Amino acid sequence: MQIIHEEIMRHLPRSGEARRLFHGRGQCFSGYDDLVIDYFPPVVMVVLYRQRSQAWLEELTQLLTAALPDKPAAVLLQERFLLNGPSRVLQGALPESLEALEAGLSFRLRLGEARNVGFFPDMAVGRKLVRERAAGKRVLNLFAYTCSFSVAALAGGARQVVNLDMNRGALELGRLNHRVNDIDLRQASFLSLEFFRSIGKLRKLGPFDLVICDPPASQGKSFTAERHWPKLVRRLPELVAPGGEIVACLNAPDLGPDFLDGLFAEHIPQAENLGLYRPGDDFPEAYPDCAVSLHHYRLPLIKNG
Ligand SMILES: C[S@@+](CC[C@H](N)C(=O)[O-])C[C@H]1O[C@@H](n2cnc3c(N)ncnc32)[C@H](O)[C@@H]1O
């Protein structure tokens, strides 16, 4: 437990912000590959990818209570190794509603209700990039989920954001995320559609100055990185305006960042590679090439130039 304590102390959040306290999935901490701890003040969420004993869980709860400057309102455990990843409260009680705070923005969580809580802390670097690049732009947010990129873009001065995801419930939470941040809902639209069947419709709404693509690693028939990323990259030029930018997030442990750079080089060779980003120090990775990577490209100002 010593290493868990040290990591928690290193990652204590500033001013109530959401923070990953322990990132065992990056395989940097021997014996703890199965453990992730996120802090959404005042709630701590412990995620386990294999079973641990009750005694171990009690020790961890005590450690958390002692280490955090404010006693957590609740310590919630999610057991990802079980079907549907059920959650249970280890200590305290969950507040009626809870938001993750990040860079002055709020994102509503649905703790204990679904496998994913509605917010991905490891995409903070992407939200920051989008917020910095969005001013005055028309943005297309593909695979939007709960629309955190849309909120970031509009906070950064985007003119308009079109969000698309086939999960209607996630988009509903996305709409709420705009309201929670006092964003005028006339600036955002929410299309609950399957992407590959909606390209014609999106073409009519476009072209867009900034297109964000953050598909899952693998989700049944809807998206499989190896099969669907090439199709997605091939169709992007139909949606991006000349001089427009693309932010593409690769979350596929079996494929390194060269996979995406290779696809862009093959299908959109005119795109300029503006940079590669990683989630940062809160997410240490023994094998960085297997971890999430974020790619930023720009099309030339003159089409096919
Ligand atoms: C990794 S999440 C996106 C996270 C989001 N960008 C964020 O910042 O929170 C992937 C999303 O892709 C959606 N999805 C998967 N396949 C899809 C498809 N073929 N068409 C539309 N949405 C899809 C899922 O419903 C899910 O919400």
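Heads up: the sequence shown begins at 13 in this note's numbering, then just goes up one per residue. Virtual Cβ for every residue (Gly too), placed ideally from N, Cα, C. Remember, it's a predicted structure, so these values are computed and weren't measured experimentally.
Quick one: does the C-beta of residue i sit closer than 7 Å to a heavy atom of ligand 1?
i: S201; result: no
i: N179; result: yes
i: S234; result: yes
i: D226; result: yes
i: Y360; result: Nothing about residue 360 can be read from this structure; the chain reaches only from 13 to 317.
i: S160; result: yes
i: A136; result: no
i: F207; result: yes
i: A182; result: yes
i: F132; result: yes
i: Q231; result: yes
i: L176; result: yes
Return yes when the Cβ of residue j is within less than 8 Å of the Cβ of residue i, no when it is not.
i: A156; j: N175; result: yes
i: V142; j: F119; result: no
i: L262; j: F276; result: no
i: L121; j: A115; result: no
i: L166; j: V173; result: yes
i: R187; j: F207; result: no
i: R62; j: D46; result: yes
i: L75; j: H23; result: no
i: L154; j: G218; result: no
i: H35; j: P300; result: no
i: D221; j: A253; result: yes
i: L80; j: V58; result: no
i: A298; j: C40; result: yes
i: G130; j: L185; result: yes
i: S305; j: L286; result: no
i: V48; j: R64; result: no
i: P25; j: P53; result: yes
How many whole angstroms separate the CB atoms of residue i and residue j, which I take to be in contact at a CB cut-off of 8 Å?
i: G138; j: V259; result: 6 Å
i: P269; j: A229; result: Contact doesn't hold; Cβ gap of about 14 Å is too wide.
i: V134; j: P291; result: The residue asked about is misnamed: residue 134 is Asp in this sequence, not Val. Yes, D134 and P291 are in contact; Cβ-Cβ is about 4 Å, under 8 Å.
i: E257; j: R171; result: E257 to R171, Cβ: 14 Å. No contact.
i: L69; j: L102; result: 6 Å
i: D273; j: H307; result: 7 Å
i: R180; j: S204; result: 4 Å
i: V55; j: L110; result: 6 Å
i: N193; j: T158; result: With a Cβ gap of about 12 Å, N193 and T158 do not count as contacting.
i: L248; j: R215; result: Between R215 and L248 the Cβ distance is about 11 Å, and since that is not below 8 Å, they are no contact.
Less than 8 Å between CB atoms is the rule here; does residue i satisfy it with respect to chain D?
i: F132; result: Absent from the structure: chain D. Only one protein chain is present.
Is it a yes or a no for the region 23-34 touching the region 86-93, going by three-plus beta-carbon pairs under 8 Å?
-> no
Per the contact definition of three or more C-beta pairs closer than 8 Å, is the region 190-200 in contact with the region 220-228?
-> no
Does the pairing of the region 298-311 with the region 277-290 give three or more beta-carbon distances under 8 Å?
-> yes
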